Amino acid sequence: MIEYLSLDCENKEGVWSSSSEIKIDKLGYISVNGKKTKDFWNGKISADKKPLRLKIRNISGDETIKVFE
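Shown next, in the form of structure tokens:
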């Protein structure tokens, strides 16, 4: 299960800059960029700029970073 997603629109490598992020709580509600909502995650994450990298963390704490070409 996914608990956190983040887009980096600033850097292709190096220090992570979170341009947009979604945190999913244990009940399925989301926080978008630090603002809690009563919405459920619809499977999407968006940003104003073109994303260069995506970070996904599961509930075990394992993180995967995908670099977009």
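Residue numbers for the sequence shown follow the numbering used here, so the first one is 436 and each next one is one higher.
Glycine residues also receive a C-beta, built at the ideal position from the N, C-alpha and C atoms.
Predicted model only: the values in this text are computed from it and were never measured.
Determine the burial state of residue i: buried for a count of at least 16 other Cβ atoms within 10 Å of its Cβ, exposed for fewer.
i, result
"L440", "buried"
"L442", "buried"
"I457", "buried"
CA-CA distance, residue i and residue j?
i, j, result
"V450", "I494", "23 Å"
"E448", "E438", "23 Å"
"M436", "E498", "12 Å"
Quick one: what's residue i bridged to in DSSP?
i, result
"E448", "DSSP lists no partner for E448."
"F503", "Answer is none; F503 lacks a bridge partner."
"L442", "S455, L489"
"K470", "V467"
Taking the alpha carbon of residue i as the point to measure from, which residue in the options has its own alpha carbon closest?
i, options, result
"G478", "K484, K485, I465, T472", "I465"
"S454", "K461, L462, V467, D497", "V467"
"E445", "E498, D483, R492", "D483"
"K473", "S481, I480, L462", "L462"
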